[in-house]
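Accompanying notes for the structure given below.
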Amino acid sequence: MTKKILSAILIAGFLLTGCGTEKNSPPAEMEQAQVFATIDDDAGRKVILQQKPTRIVVTSASFLEPLHAVGGVIVGRPDSKNKMPDWAKDLASVGAVYQIDVERLLNCAPDLVIVNKGMNEKLLPVLEENKIPALVVELKTYDDVKRGLKNFSAISGDTQAGEKIIADMDAAIKAIVERVPKEKLRVAILHSTAQGLTVQLDGSIAGSIAKMFGWENVASGMTPLEKNPDAAPYSMETLAEQNPEIIFVTSMGDLDEIKSNMTRAIAENAAWQAIGAVKDNRLYFLPQDLFLLSPGLRYPEAVKTMAQLIYSDKF
Numbered sequence: 037m038t039k040k041i042l043s044a045i046l047i048a049g050f051l052l053t054g055c056g057t058e059k060n061s062p063p064a065e066m067e068q069a070q071v072f073a074t075i076d077d078d079a080g081r082k083v084i085l086q087q088k089p090t091r092i093v094v095t096s097a098s099f100l101e102p103l104h105a106v107g108g109v110i111v112g113r114p115d116s117k118n119k120m121p122d123w124a125k126d127l128a129s130v131g132a133v134y135q136i137d138v139e140r141l142l143n144c145a146p147d148l149v150i151v152n153k154g155m156n157e158k159l160l161p162v163l164e165e166n167k168i169p170a171l172v173v174e175l176k177t178y179d180d181v182k183r184g185l186k187n188f189s190a191i192s193g194d195t196q197a198g199e200k201i202i203a204d205m206d207a208a209i210k211a212i213v214e215r216v217p218k219e220k221l222r223v224a225i226l227h228s229t230a231q232g233l234t235v236q237l238d239g240s241i242a243g244s245i246a247k248m249f250g251w252e253n254v255a256s257g258m259t260p261l262e263k264n265p266d267a268a269p270y271s272m273e274t275l276a277e278q279n280p281e282i283i284f285v286t287s288m289g290d291l292d293e294i295k296s297n298m299t300r301a302i303a304e305n306a307a308w309q310a311i312g313a314v315k316d317n318r319l320y321f322l323p324q325d326l327f328l329l330s331p332g333l334r335y336p337e338a339v340k341t342m343a344q345l346i347y348s349d350k351f
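Put into structure tokens, the structure is as follows:
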């Protein structure tokens with residue numbers, strides 16, 4: 037009898053020890069369940085969010101509408117010369133998009149910062165030091181915007197919202213493209229600033245839209261600028277040789293002044309006047325609110341704008 041009791045006590049002891057061990061080491065499935073979202077950002081980083089972000093700061097105003105549309109909770113944003121959504125005007129400012137104020141950003145107590153690729157990556161070490169997750173995002177081409185919406189939906193936890201927005205935009209753009217004649221137009225896209233002109237490549241907003249229509253960007257294949265992979269150096273001689281049928285101009289700065297300066301330059305330079313697009317009066321200035329920064333959810337509007345300038349009778 038004593039031996040039976042002793043055996044029972046030993047077995048119970050082993051069972052209790054085993055339960056204690058399992059309690060201290062939860063199964064991999066439980067650990068996985070504690071992760072809210074894992075996202076591959078546009079800098080090739082894997083970002084793990086332990087819980088749903090409820091205090092998000094964005095470093096580009098172009099992130100505001102897409103993130104808000106899928107339910108993201110934003111507490112801070114940069115200043116912007118472009119139109120700010122009414123709901124975002126009273127959010128905390130973190131300074132100019134080109135020079136984010138770190139102190140203001142940290143005062144927002146963010147649990148996630150969405151960083152503009154190519155402009156604000158210098159914030160990453162500071163955010164890492166303060167144990168604040170950061171997601172690097174690029175919203176330039178339409179594919180960028182769709183990928184961004186999927187990532188923003190993962191952040192908010194509402195993947196269906198992102199899928200619906202993408203489906204609606206796809207349908208709208210498809211309808212616009214189908215109304216445009218299938219012509220392989222040769223186009224040039226110039227970008228004008230106070231510093232001068234550059235040529236926009238296929239990865240630019242206007243370049244990616246031209247590609248949707250099957251138009252040939254005469255700058256495709258040119259060597260990009262070191263600090264801007266979506267632009268190449270401007271050369272009057274090269275542009276004259278390429279002789280585009282259409283010229284689109286994007287700009288940064290006072291648009292009236294830019295138009296005036298370019299009109300004067302064309303009038304004073306015979307090389308300009310020899311280009312087909314100029315001779316046929318097919319040089320078009322694109323609106324800054326759609327083509328300087330990402331149009332975001334307004335991508336269908338940007339696509340329609342370029343199409344209307346050439347085929348006004350189709351719209």
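Sequential numbering of the sequence shown, starting at 37, is according to the working numbering. Don't be surprised by glycine CBs; every beta carbon is placed ideally from N, CA and C.
Measuring straight from C-alpha to C-alpha, what distance separates residue i and residue j?
i, j, result
"E67", "L171", "Annotation note: pLDDT 49 at E67 (below 50); position unreliable, no value reported."
"A79", "P161", "14 angstroms"
"T299", "P323", "17 angstroms"
"N166", "V314", "54 angstroms"
"I245", "T177", "8 angstroms"
"E273", "F72", "55 angstroms"
"H104", "I110", "8 angstroms"
"K186", "D194", "9 angstroms"
"D180", "A208", "17 angstroms"
"K59", "Q70", "Note that K59 scores 42 on pLDDT, short of 50, meaning its location in the model is unreliable; the coordinates nonetheless yield the value given after this. Near 16 angstroms, if we compare the C-alpha coordinates of Q70 and K59."
"D147", "S330", "25 angstroms"
"P247", "N143", "Residue identity check: residue 247 is Lys in the sequence provided, not Pro. K247 and N143: Cα-Cα distance of roughly 43 angstroms."
"L261", "P269", "7 angstroms"
"D316", "I283", "11 angstroms"
Is the CB-CB distance between residue i and residue j below 8 angstroms?
i, j, result
"A197", "V235", "no"
"L163", "V149", "yes"
"L85", "P217", "no"
"K182", "I212", "no"
"P102", "L326", "no"
"L237", "M205", "no"
"T95", "P114", "yes"
"I225", "A276", "no"
"E281", "R318", "yes"
"L291", "W251", "no"
"N152", "V133", "yes"
Thinking C-alpha only, which one of the options is nearest residue i?
i, options, result
"P112", "D325, S129, T195 and F99", "The question names Pro, yet the displayed sequence has Gly at residue 112. Of the listed residues, the one whose Cα sits closest to G112 is S129."
"S189", "I294, V106 and V254", "V106"
"L159", "V83, C144 and Q135", "Q135"
"L12", "V93, V71, K117 and D76", "The question about residue 12 has no answer here: the residues shown for the chain are numbered 37 through 351."
"A124", "P280, F99, A208 and D76", "F99"
"I346", "R215, V93, I75 and G184", "R215"
"P336", "Q278, I241, R81 and Y320", "I241"
"K263", "S192, G154 and L233", "G154"
"Y320", "R91, V223 and G108", "V223"
"I91", "S192, L233 and G184", "Reading the sequence as shown, one finds Arg at residue 91 and not Ile. R91 has its Cα closest to that of S192, out of S192, L233 and G184."
Complete alpha helix (DSSP H) runs within the segment 232-297 (minimum length 4 residues, chain order): Within the segment 232-297, the complete alpha helix (DSSP H) runs of at least 4 residues are 241-248 and 272-278.
Would you mind listing the beta strand (DSSP E) stretches within the segment 78-118 that are 3+ residues and don't spill past its ends, in chain order? As far as the segment 78-118 is concerned, its whole beta strand (DSSP E) runs of at least 3 residues are 82-85, 92-94 and 110-115.
For the segment 307-315 against the segment 339-348, are there 3 or more C-beta pairs whose distance is under 8 angstroms? Segments in contact, no.
Three or more C-beta pairs closer than 8 angstroms, one from the segment 273-293 and one from the segment 217-237: is that the case here? When C-beta atoms of the segment 273-293 are compared with those of the segment 217-237, three or more pairs fall below 8 angstroms, so the two segments count as touching.
Run through the segment 158-200 for me and flag every whole beta strand (DSSP E) of 3 or more residues, listed as ranges in chain order. Fully enclosed beta strand (DSSP E) runs of 3 or longer: 170-173.
Curious, which full-length beta strand (DSSP E) runs of at least 3 residues does the segment 294-347 contain? With a minimum length of 3 residues, the continuous beta strand (DSSP E) runs that stay inside the segment 294-347 are 319-321.
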